[in-house]
Amino acid sequence: MTPVFENANKVFELLATLVRRPRKGELPAELAERNGIPVVCLVGDDLTELTEGIKASLGEATPRRIPHEFISMSAIRDEVARESDPLPAEWQPVEVYRRALVALAQEFSSVRNGRDERVRFRRFGLVNWLLESDYPAREPDPQQDRELLRRLREREFQRRRLFGVLRSPDTEVSIQGNIPWWVLVLGLHLFPLAWFRAWRGVGAEYRWLMRQPYMAPRDPGTFPGFAMRLTRPRRGRENPEQVGKLMINAFLEDLRVAYRRRFRRRRAARRTAYCVAFLTDVSDADHGTALIRSLVDVRNETGVFDPLAVFCTGTGLGGELLGHELRGQGPLSEDLYGIWRHNFEAAGRSRSAGVWYLPVDVPAPLAPDAPTYQQQKNRVELVRRLTVDPPPGWARRRVTALAGVVVVALLAGGFARAFDPGPALKSRELHCGLSASDPDAATLERRSTGECVGVAPNGYAFGSKDPALRETLSTIARQNREADKIHQQYADRPVVTLVHLSALLSTSGQPSSLTYVREALQGAASAQRRQLDKRGATDPVLRIFPASAGTGMRFGPEVARTVEGMMRSDPSIVGVTGLDQSRTATIATIEELTRIGLPMVATSLSADSLDDHSPMYYQVSPQNRRQAAVAAAYGAYLAGEKTIPRRSVRIVYSADPTDEYSENLRADAAQSFDGADFDIEQQGYKPSPAPNTVSGYPGPRTVGEHACGYDGLVFFTGRPEDFETLLAGVNAACGSNPPFLLGGDDVARMAADPVRRTAYPKVPFDFLDFTLGSTSCQTKSDLYSTLRKLFPTECEQLANTSLDGHASLAFDAVNLYLKAVGQLQDAASKLPLSSLTVWHSLSSIHGRAALDGESGRIDFGGVVDRQIPLDKIISVQRVDGMKRPAQVGFCGRWGTLSQSGWCPPPEQRGGTG
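The opening position of the sequence shown corresponds to residue 3 in this note's numbering, with each subsequent residue numbered one higher.
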């Protein structure tokens, strides 16, 4: 229904002006064009259509309805009059106030206003609850204040979900007997009591009630005492006008708090329209005029802005409005709010209650046939649909939610960085579980495979659980510290540092798979010990830095770059020993070490092409072509002795294309056996683990089973772990009558371990070794006499320990560097020791300057580009049952001993071998 009268649009324009909330600021001191919100009194004979039009306009506002409530004061008065226990006349206005304010609070807190417009009436709710509290007992009871507090405590618990859940019967039954009794008492009784006592002191509504200006709350000075004054049995002694103003002030204070803009209270910024209270049938008889006068008095007495627009209609609003003389507001066609604001400012501090009223004379409705009816109707239709500002973008719910997520993420990140050990744990995990203060942490790193690779000069065991290996690494670390002390005491003794690089230090398998690695390190440690024991004025002191490149040397290039970084601060690093398994990754490691300028002396590598990849690469073992020649000569000897019935050979090799060793030895063996008039078969197998590119080959167990009944020589050129599997196949299929098996030098790694070596005692086998084979700690040699002192436990286990060639090969590799350093000191004592000068000196080790090593004579033949020892010893070892390996024969030069008669011709000096 659209109200139509002269200048009706001005009423709706005034309504829009009063309910729209400014985007910034709202206090009179903040906005020049605003001066608070007046009480609008609509005066006229027939206001029904206007009232309905205003209600529709507020309810249909965009983007959301404006919180409003229309209250009939006469209806509320009638409700109070119908009470069975009528109130004294002086208290009836207070009850009317209370019921009107309760109706307003219920509407303004209603869900129909949306989550952002709902108002929480905590202060008014507390005051109203106290005013409603009653006691049936008429006699004074000293326990009444305690009873009041108990009931108030129950009210607080019911308003909070946590306490409601804890104190519900279902909860008490479910937890009975399931938690300790003291937790039950603490959680259900003591904690709620303590919380309520604390909340009475810090809760916003309780603190406000004791500080507001009405009814002298400091009398008697405590909350229980003041609260008792508000209850029904006690309030009859109070001033009704003060009680009424207390309720009105509590109601307005809740509105003020809800609209108070604070950055942390973004919901307040989303309130873009003021609440509207529309009182109808206002008169003295129904106490409506008294309610409005009390509201205006509260505004004047508190001097605080409240976000409530009050409209009223009723009888007795003409002439002297609400007991105050009307000020001229001008005709309806004028700017009514502008005129009111001018009068309000003119009143200054001496303003009376009357200046708050803005009376509006509403003309009689126009008849539909009036000449200006349609024109006035059109004007009203244009302005009656209210539009308020949408919430600012920064305060919208989605933005708030996003900001909350960002803040939580930032706080979580900040706490994680400040208090969480995550970064430290990640650093420890990256550096193999070592803290940043550990001296080995900076040069170690855990790779994607879980292996720990890098350099560990200070005894880190690369995660190995093998006590013998851990003891070996600890011994080397202890001798490294001793070397540093010796150099500090005797500065003329230079420090020489060698990196011993292995492939399987970081293995997580059984300790038996680390046997050959441990023995190689023990050989290096023995050479170090003998060097430290020297007392010459310029004898170098030796440090050994153990390093791991991971399984199959796959991380060798990365470890080489780690060594490069260490060389920048430690120029004493002059070379690398060790190096395992002739694979593609090993070649990449050799090339990377060449790039950084470090010479290498490999201990057990034997592939023919390794020296082609670097002029800085040397080795103390023979090459595969020499090994193949020895194997073919031994095979011919076996055929001549009828040990093998037929002059044929089955060469078993790994189908892994990255295994340079196996492929190279296979090719060399085929050529050598062909030259010895053998019938040749070649059988590839799929290693374990195998690259994805390997397919179509049987496993080593199947190859072993198929070897049963073969009457020639089975020559194995693969890796020791696969040879074990092959032995298992032979043992299962024909253990009582196995074929004749000969393994390449890599099988010596398995033979070094007594457990792996004797796993299949029914199947004897021979293997090639780059030393004379098993020996004793009682042997008169530099290596084993030192080994006996450093590692006595190893010697105690000699009955089951092979002490094969790996210790002697590593011992000789270290001594080769020391010999090169000694030659440099003799030839050019002033020349600084460096990796390049040591490399140059290595090539001069030949002839009379050759090294008479533990693994045989190491002679590079006097040719500049020869990096392989000349005619290096290769022995044939036999494993039979539970016995230690026994030598069958050997080829090469070893002191005054003569090689076996079946050996191939010796390599020629000056050749490439």
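Just so it is clear, CB atoms sit at the ideal spot from N, CA and C, and this is done for glycine as well.
Treat the numbers as computed from the prediction; the structure is a model and nothing was measured.
Look at the alpha carbon of residue i and the alpha carbon of residue j, and state the distance between them as a whole number of angstroms.
i: M884; j: T760; result: 5 Å
i: K467; j: F718; result: 31 Å
i: P215; j: D371; result: 57 Å
i: K379; j: V385; result: 10 Å
i: S902; j: F892; result: 6 Å
i: A275; j: G55; result: 18 Å
i: C905; j: D572; result: 46 Å
i: F729; j: G599; result: As written in the sequence, residue 729 is Leu, which differs from the Phe given in the question. Computed Cα separation, rounded: 43 Å.
i: R387; j: H70; result: 15 Å
i: L211; j: E15; result: 38 Å
i: P908; j: G894; result: 7 Å
i: C434; j: A470; result: 20 Å
i: H489; j: V543; result: 7 Å
i: L297; j: G406; result: 39 Å
i: S664; j: P756; result: 24 Å
i: L607; j: S623; result: 7 Å
i: F793; j: T605; result: 21 Å
i: R448; j: E560; result: 12 Å
i: S437; j: A444; result: 10 Å
i: E856; j: D541; result: 21 Å
i: A18; j: S74; result: 23 Å
i: G642; j: S650; result: 12 Å
i: V705; j: Q685; result: 8 Å
i: Q146; j: D288; result: 34 Å
i: R269; j: E109; result: 18 Å
Return the chain-ordered list of same chain residues with a C-beta closer than 8 Å to the C-beta of residue i, the five sequence neighbours on each side being excluded.
i: P367; result: P5, V6, F7, D48, E51
Provide the residue(s) that pair with residue i in DSSP beta bridges, ordered along the chain.
i: Q879; result: F769, Q889
i: T315; result: L44
i: F280; result: F72, F313
i: F793; result: None, per the DSSP bridge assignment.
i: I546; result: L500
i: C454; result: R448
i: M602; result: V578, Y619
i: L743; result: V716
By Cβ distance below 6 Å, which residues in the same chain neighbour residue i in space, the five residues on each side in sequence not counted?
i: I39; result: L20, A311
i: H808; result: Y518, E521, A522
i: I646; result: L640, G714, L715, F742
i: Q512; result: The pLDDT assigned to Q512 is 49, lower than 50, so where the model puts this residue is not dependable; a value taken from the coordinates is nonetheless given after this. Answer for Q512: no residue qualifies.
i: S476; result: G461
i: L106; result: E71, A279
i: A529; result: F813, V816, N817
i: D363; result: V45
Which residue from the options puts its Cα closest to that of residue i?
i: F225; options: P871, V129, R532; result: V129
i: N251; options: Y99, L281, R563; result: Y99
i: A709; options: N694, E683, V696; result: E683
i: G731; options: V765, E240, A107, L811; result: V765
i: A635; options: P601, T660, V498, D676; result: D676
i: L150; options: M230, F110, S112; result: M230
i: T579; options: R537, P617, H502, L612; result: H502
i: P617; options: Q869, V259, V890, I78; result: Q869
Quick one: grab the DSSP three-state call for residue i.
i: Q684; result: strand
i: G731; result: helix
i: I589; result: helix
i: D854; result: strand
i: P95; result: helix
i: V300; result: helix
i: R273; result: coil
i: F7; result: coil
i: Q901; result: coil
i: Y359; result: strand
i: T233; result: coil
Does any CB atom of chain B fall closer than 8 Å to the CB of residue i?
i: E484; result: Checking the listed chains, one finds no chain B in this structure; it contains a single protein chain.
Give me, in chain order, the residues of the same chain whose beta-carbon lies closer than 7 Å to that of residue i; leave out the 5 immediate sequence neighbours on both sides.
i: M752; result: P722, F725, E726, R758, R759
i: P441; result: N460
i: Q481; result: A527, Q530, R531, L534
i: N37; result: P30, R343, F346, E347
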